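>
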Amino acid sequence: MPPIPTFTHNTIAMVYDFDGTLCPQPMQEYTVLPKLGIKPEEFWRLVEHDAKETGGEKMLVYMRILLEEAHNRRVFISRDDFKKMGKDIEYFPGVKDWFPKINNYVKRKSQGTVNIQHYIISAGMKEILEGISIRKFFKQIYASEYHFNFQGIATFPKQLITDTTKTQYLFRVNKGKEELDESINEHMPEWQRPIPFQNIIYIGDGMTDVPSMALTKKNGGHTIAVYPEDDVHDQATCIKLLKANRVDFIAPADYRKDSHLSRQVALLLDKILSNMAYQQEVFTSQLHYGIAEHD
């Protein structure tokens with residue numbers, strides 16, 4: 111006798127960019143740049159110049175230049191060194207309390223029937239992100255990585271995530287193919303995907319998140335753009351995204367209780383939970399009357 115089908119689309123995924131979304135500045139400015147004694151503005155100016163001169167991918171250029179500057183200063187950085195740097199990252203208001211609050215909200219609203227999982231997809235450095243104080247709240251962190259030689263020292267970029275390649279990892283979340291050695295290229299029917307895009311909320315901070323926002327929105331998901339409070343330039347960027355229908359909402363990057371962002375996320379979560387209840391009722395009704403689960 112075949113097993114009785116069960117409703118499996120009862121997981122919500124919240125996916126976050128990191129720099130400018132959860133923390134105000136690029137993570138390197140709290141961590142590796144101070145260790146090397148390099149001023150952030152000088153470093154990013156050098157990256158911009160090198161990328162323009164060589165036609166290189168900017169994310170790859172910054173990873174290479176970090177290693178070159180470390181070598182020039184005879185500073186050898188291990189994986190543990192990067193991880194320890196993660197503790198120095200500063201966050202937007204309320205970030206440290208955000209994840210338990212959201213988890214409890216979903217648990218209460220769904221009476222414990224819906225799971226929620228948090229992910230980071232960042233062009234930043236995974237080695238640093240593995241050491242952040244909020245690491246325990248994330249099911250997966252996808253970010254650029256270095257190769258470490260037999261002495262445990264970073265020697266060259268191993269994994270690169272850019273604005274456009276971020277979308278690959280959204281499909282990994284969507285399809286449940288979360289390990290990098292799992293192929294996501296084979297066709298998978300929508301009903302087989304453990305986290306449909308309509309159950310995904312993507313939070314980013316600007317133009318670098320446009321491909322991920324566009325993909326999420328196009329497939330029925332939800333997006334929010336955040337900006338530092340009182341930052342007129344970044345707010346203007348988010349307004350452009352709202353006008354272009356790249357995002358559902360924009361808000362200051364304030365993750366505290368009763369903030370504008372908190373209310374917007376609660377609204378989206380309520381919408382997803384309501385849609386889940388509808389989909390589950392349809393599934394249950396079809397199962398009850400012996401209608402085939404899927405065509």
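Mind the numbering: the sequence shown is residues 111 to 405 in the working numbering, read in order.
Cβ atoms here follow ideal geometry from the backbone N, Cα and C, with glycine treated the same way.
In this text, all values refer to a predicted model and were calculated from it rather than measured experimentally.
#1: Grouping DSSP H, G and I as helix and E and B as strand, with all else coil, what is Ala363?
#2: Measure the C-alpha to C-alpha separation of Pro338 and Asp273 and round it to an integer number of angstroms.
#3: Taking only three categories from DSSP, how would you classify Met235?
#4: Going by DSSP, what residues sit across from Asp129 in a beta bridge?
#5: Within 8 Å, do at least three Cβ pairs link the stretch 213–228 to the stretch 191–204?
#6: Inspect the beta-carbon positions of Arg366 and Gly204 and report whether they are closer than 8 Å.
#7: Could you tell me which residues DSSP puts in a beta bridge with Met124?
#8: Is any beta-carbon of chain B found at less than 8 Å from that of Asn309?
#9: Check whether the stretch 288–295 and the stretch 310–322 are in contact - that is, three or more C-beta pairs closer than 8 Å.
#10: Looking at C-alpha atoms only, which residue of Asp368, Asp344 and Arg303 is the closest neighbour of Gly286?
#11: Leaving out five residues before and five after Asp405 in sequence, what residues of the same chain have Cβ atoms less than 7 Å from its Cβ?
#12: Which of helix, strand or coil does DSSP assign to Asp405?
#13: How close, in whole Å, do the beta carbons of Cys133 and Tyr229 come, if the pair is a contact with beta carbons under 8 Å?
#14: Below 8 Å between beta carbons: does that hold for Ala361 and Val336?
On the basis of the supplied data:
#1: Counting from 1 along the sequence shown, the entry for residue 363 is found at position 253. Of the three classes helix, strand and coil, the one that applies to Ala363 here is coil, per DSSP.
#2: Locating residue 338 in the sequence shown gives position 228, counting from the first residue. Locating residue 273 in the sequence shown gives position 163, counting from the first residue. Between Pro338 and Asp273, the C-alpha separation is close to 20 Å.
#3: Reading the sequence shown from its first residue, position 125 is the one you call residue 235. Strand at Met235.
#4: In the sequence shown, residue 129 corresponds to position 19, counting from 1. Paired residue(s): Cys133.
#5: No, the stretch 191–204 is not in contact with the stretch 213–228.
#6: By 1-based counting over the sequence shown, the position of residue 366 is 256. By 1-based counting over the sequence shown, the position of residue 204 is 94. In this structure, the beta-carbon distance from Arg366 to Gly204 falls below 8 Å.
#7: Taking the sequence shown and counting its residues from 1, the one referred to as residue 124 is at position 14. Per DSSP, His228 and Ile311.
#8: No chain B appears in the structure shown, which is made up of a single protein chain.
#9: no
#10: In the sequence shown, residue 286 corresponds to position 176, counting from 1. Closest by alpha carbon: Arg303.
#11: By one-based count along the sequence shown, residue 405 stands at place 295. Its pLDDT being 44, under 50, Asp405 is placed unreliably in this model, and the coordinates cannot settle the point.
#12: Walking along the sequence shown from the start, residue 405 turns up at place 295. Residue confidence is low: Asp405 scores 44 on pLDDT, short of 50, so the model does not pin down where it sits. Its coordinate-derived value is still stated next. Three-state result, Asp405: coil.
#13: On the sequence shown, residue 133 is found 23 positions in, with the first residue counted as 1. On the sequence shown, residue 229 is found 119 positions in, with the first residue counted as 1. With a Cβ gap of about 16 Å, Cys133 and Tyr229 do not count as contacting.
#14: Stepping through the sequence shown from its first residue, residue 361 is reached at position 251. Stepping through the sequence shown from its first residue, residue 336 is reached at position 226. Yes, Cβ-Cβ distance for Ala361 and Val336 is below 8 Å.
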